[in-house]
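Colleague:
Number of protein chains: 2
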Amino acid sequence: MQIHYSSEEIGGLSRFNRANLINSLSGVKSCSLISTIAKDGIANLAIFNNIFHLGADPALLGLICRPKAAGGHTISNIETTQHFFINHVTKEFYRQAHLTSAKFSEEVDEFEVLKLEKQYHDGIAVPAVKLSPLQIHCKLEEIIPVKLNNTNIVIASVKNIYVAKEMITNDGYLNFNKVPIIASHSIDAYYEVKLMDRLAYAKPFAEALSILNME
Amino acid sequence: MQIHYSSEEIGGLSRFNRANLINSLSGVKSCSLISTIAKDGIANLAIFNNIFHLGADPALLGLICRPKAAGGHTISNIETTQHFFINHVTKEFYRQAHLTSAKFSEEVDEFEVLKLEKQYHDGIAVPAVKLSPLQIHCKLEEIIPVKLNNTNIVIASVKNIYVAKEMITNDGYLNFNKVPIIASHSIDAYYEVKLMDRLAYAKPFAEALSILNME
Chain W
1 MQIHYSSEEI
11 GGLSRFNRAN
21 LINSLSGVKS
31 CSLISTIAKD
41 GIANLAIFNN
51 IFHLGADPAL
61 LGLICRPKAA
71 GGHTISNIET
81 TQHFFINHVT
91 KEFYRQAHLT
101 SAKFSEEVDE
111 FEVLKLEKQY
121 HDGIAVPAVK
131 LSPLQIHCKL
141 EEIIPVKLNN
151 TNIVIASVKN
161 IYVAKEMITN
171 DGYLNFNKVP
181 IIASHSIDAY
191 YEVKLMDRLA
201 YAKPFAEALS
211 ILNME
Chain E
216 MQIHYSSEEI
226 GGLSRFNRAN
236 LINSLSGVKS
246 CSLISTIAKD
256 GIANLAIFNN
266 IFHLGADPAL
276 LGLICRPKAA
286 GGHTISNIET
296 TQHFFINHVT
306 KEFYRQAHLT
316 SAKFSEEVDE
326 FEVLKLEKQY
336 HDGIAVPAVK
346 LSPLQIHCKL
356 EEIIPVKLNN
366 TNIVIASVKN
376 IYVAKEMITN
386 DGYLNFNKVP
396 IIASHSIDAY
406 YEVKLMDRLA
416 YAKPFAEALS
426 ILNME
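Residue numbers (the numbering used here), protein chains in the order written: chain W, 1 to 215; chain E, 216 to 430.
1) Kindly give me the distance between the Cβ atoms of Ile153/W and Ile161/W, rounded to whole angstroms, as I take these residues to be in contact under 8 angstroms.
2) Per DSSP, which one or two residues make a beta bridge with Glu106/W?
3) Looking at chain E, is there any beta carbon in it that lies within less than 8 angstroms of the beta carbon of Gln82/W?
4) For Thr36/W versus Val126/W, is the C-beta spacing smaller than 8 angstroms?
5) Is Pro419/E close to chain W? Criterion is C-beta to C-beta, closer than 8 angstroms.
6) Mapping DSSP to helix, strand and coil, what is Arg198/W?
7) What separation, rounded to the nearest whole angstrom, lies between the Cα atoms of Lys165/W and Leu131/W?
8) According to DSSP, which residues form a beta bridge with Thr315/E?
9) Could you please give me the residues that DSSP links to Phe267/E through a beta bridge?
10) Could you tell me how far apart the beta carbons of Val344/E and Asn302/E are, in whole angstroms, since I believe they sit closer than 8 angstroms?
11) Using the beta-carbon of each residue, which ones in chain E are nearer than 7 angstroms to Asn152/W?
12) Under 8 angstroms by Cβ, that's how I've got Phe111/W and Lys103/W pegged, so tell me the actual separation to the nearest angstrom.
13) By the 9 angstroms beta-carbon criterion, what residues does the stretch 104-116 of chain W contribute toward chain E?
14) Leaving out five residues before and five after Ile396/E in sequence, what residues of the same chain have Cβ atoms less than 6 angstroms from its Cβ?
15) Of all the options Ile168/W, Arg95/W, Phe16/W, which has the alpha carbon lying nearest to the alpha carbon of His219/E?
16) Taking only beta-carbon positions, decide if His516/E is within less than 8 angstroms of chain W.
17) What does Ala371/E touch in chain W if you count any residue whose Cβ is under 8 angstroms from its own?
18) What three-state label does DSSP hand His352/E in the structure shown?
19) Can you list, in chain order, the residues of its chain whose CB lies under 6 angstroms from that of Val163/W, leaving out five sequence neighbours each side?
20) Are the CB atoms of Cys138/W and Phe93/W within a distance shorter than 8 angstroms?
21) Would you kindly check if the distance between the Cβ of Lys194/W and the Cβ of Tyr406/E is under 8 angstroms?
22) How is His185/W classed by DSSP in three states: helix, strand or coil?
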């Protein structure tokens with residue numbers, strides 16, 4: 001049975017139910033810890049699943065940051081130091097990842113509080129999350145303010161990729177089932193992901209052929 | 216073992232391998248068919264997984280569209296008619312969803328070619344995909360051009376939600392495991408998703424408590 005929520009009905013929901021519903025709409029997505037450092041060197045970790053692909057050449061990623069008035073340290077650190085890591089989250093540390101959303105004060109280093117080991121890479125001041133099988137070193141390119149609700153779209157170029165060897169397939173694709181990478185949904189839900197198929201390049205009026213076993 | 220790709224090494228990959236690698240970085244995401252109509256009324260379907268949550272109040276979603284020069288019909292239809300549907304994809308029709316990425320000419324109605332039934336809702340000219348358990352009717356609010364690579368960020372408000380009743384939980388959250396909704400990854404991979412946990416609101420220096428069985 002199909003249920004219909006109109007704008008009016010959405011507006012009439014309690015704040016909590018509306019947030020759960022509206023945050024559900026964009027779907028289940030891989031979740032990451034973004035690591036940054038502040039001007040004084042204190043490291044910060046924050047959970048994100050609003051990261052999107054913007055282009056392959058040049059390699060660009062985007063992420064949505066809440067209004068600065070909401071006090072997130074991630075965007076102010078990115079503005080100050082330009083560099084950050086996207087660290088994909090696994091089953092092994094999703095609870096710690098979730099806890100980064102608690103309102104820790106600025107002087108708290110979430111790596112330390114949550115007992116997540118830092119990994120430093122040559123020439124990069126920001127630490128990565130050692131347990132993460134896919135660490136992406138990014139550099140700020142542009143912050144686009146969204147006037148409609150004061151959020152900010154951070155656009156960054158991909159500078160270095162550190163990836164578990166077993167994820168790399170012959171054609172460059174990273175197989176997310178070779179490591180226990182998880183996804184998140186809405187405000188508080190976590191999902192496992194299971195590779196089901198890969199399909200050949202689509203052509204008009206042709207069949208969708210599986211290429212999963214050709215890897 | 217950890218493998219390192221520097222900017223130079225990424226730039227040195229073949230176009231195909233680089234696209235597979237870079238498109239893998241943002242992770243596995245729920246995938247949708249966006250339905251639109253052109254000025255002359257011809258319906259269009261296009262597969263997307265670059266859809267993000269921008270805000271709950273007002274309810275706003277964003278999506279990334281390729282440069283207009285690449286000839287996508289979705290963004291030109293949205294500009295012309297303002298309205299569109301995001302239709303979440305299930306196991307039942309992911310192959311048809313994949314085939315919408317084939318370069319069909321403008322006068323082709325992908326619903327018809329791919330044998331996906333239309334569902335019309337009261338007062339909305341754009342059809343939804345009948346098989347989809349989560350159909351989101353959106354209205355264009357703003358198109359933000361990204362100068363770095365000529366992509367466009369489409370920002371839309373949520374006007375109506377049509378959802379399978381079994382997905383709705385008591386607190387408003389939509390459980391993606393009550394229907395066979397799938398996710399996609401990089402250019403051609405499709406994943407199943409399996410709800411693993413829901414965690415209580417995070418507080419500093421507290422444990423991450425599961426609320427999965429409290430639904």
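Glycine residues also receive a C-beta, built at the ideal position from the N, C-alpha and C atoms.
Modeller: Considering the structure as presented:
1) About 22 angstroms; that fails the 8 angstroms criterion.
2) Partner(s): none; Glu106/W has no beta bridge.
3) no
4) yes
5) yes
6) strand
7) 14 angstroms
8) Thr315/E pairs with nothing; no bridge assigned.
9) Gly277/E
10) 4 angstroms
11) What Asn152/W touches in chain E: nothing, since even the nearest Cβ is about 11 angstroms away.
12) 17 angstroms between Cβ atoms; not a contact.
13) Phe104, Ser105, Val108, Val113
14) His303, Thr305
15) Ile168/W
16) What the structure shows of chain E is the stretch from 216 to 430, and residue 516/E is not part of that stretch, so it cannot be assessed.
17) The premise fails here: Ala371/E is roughly 10 angstroms from chain W at the closest Cβ pair, so nothing lies under 8 angstroms.
18) strand
19) Leu134
20) no
21) yes
22) strand
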